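Chemist: Take a look at the following structure, please.
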Amino acid sequence: MPRKFTPKVVTANRLMEGDAVWLTEDDRWSPDMAEAELIEDEAVAQDRLIHGQSQPDVVVGVYLADAKAGPDGPEPTHFREAFRTRGPSNYAHGKQETA
């Protein structure tokens, strides 16, 4: 029996900076997961994934990540994605610098 589809976001790393980014409904790559498009349909998720993967000059490592609706937009459901929202962990720069 196949597992029930759970909401997803399309995520990747920006090619030039390496920052984690999320695909928005208007086809932008945002460094803020709360701006991501929360996808609740499996077919739409696959289409959006293909769209993200078609941009190898902008992003790398495109994949679907589990997410849930939050008060300000999509939120991570797994530690890995929560960790990626905080930016690099080796020293304070990028997202950690502004937190």
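One point on numbering: in our numbering, the residue at position 89 of the sequence shown is 189, and numbering is uninterrupted.
Just so it is clear, CB atoms sit at the ideal spot from N, CA and C, and this is done for glycine as well.
Just so we're clear, the structure is a prediction, and the values are computed from it rather than from any experiment.
Would you report the Cα separation of residue 138 and residue 114, rounded to the nearest angstrom?
Modeler: Cα to Cα, residue 138 sits roughly 19 Å from residue 114.
Chemist: Can you tell me whether residue 114 is helix, strand or coil according to DSSP?
Modeler: Correct three-state label for residue 114: strand.
Chemist: Go through its chain and collect everything with a Cβ distance to residue 161's Cβ below 6 Å, but skip five positions before and after it.
Modeler: If we look at residue 161 and ignore the five residues flanking it on each side, its Cβ neighbours are 112, 113.
Chemist: Tell me which same chain residues have a C-beta within less than 6 Å of the C-beta of residue 105, skipping the five on either side of it?
Modeler: Within the same chain, residue 105 has close Cβ partners 142.
Chemist: Tell me whether residue 116 is buried or exposed, calling it buried when 16 or more other Cβ atoms sit within 10 Å of its Cβ.
Modeler: Burial call: exposed.
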